[in-house]
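Take the sequence shown: its position 20, counting from 1, is numbered 391 in our numbering, and each next residue is one higher. Where is the CB? At the ideal position from N, CA and C, for every residue including glycine.
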Amino acid sequence: MQNSAEAELDIPLFLKSLFANGAAGGFSADLLISSIVFWLFIFQDRNGAKPREVR
Numbered sequence: 372m373q374n375s376a377e378a379e380l381d382i383p384l385f386l387k388s389l390f391a392n393g394a395a396g397g398f399s400a401d402l403l404i405s406s407i408v409f410w411l412f413i414f415q416d417r418n419g420a421k422p423r424e425v426r
């Protein structure tokens, strides 16, 4: 068994494994799209409106 320090990251194999079958591809696509939408919202809203005061 390889030590994690000896193992190198194989990015093409990792990306191929993300879309190995239909279920994995759907999950990976959903996660990537959700992450992109989240970060776009965060960067757009960082200087946005302040919360309203509750009276």
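For the alpha helix (DSSP H) that contains Ala400, what are its first and last residues? Position 29 of the sequence shown, counted from the start, is the residue given in the question as residue 400. Segment Gly393 to Asp416, the alpha helix (DSSP H) holding Ala400.
In the DSSP assignment, the alpha helix (DSSP H) including Leu386 goes from what residue to what residue? For the purposes of this step, residue 386 is taken as residue 15 along the sequence shown, with counting starting at 1. Element bounds for Leu386: Ile382 to Leu389.
Would Phe390 pass as a contact of Ser399 if the rule is Cβ separation under 7 Å? Stepping through the sequence shown from its first residue, residue 390 is reached at position 19. Stepping through the sequence shown from its first residue, residue 399 is reached at position 28. Yes. Within cutoff.
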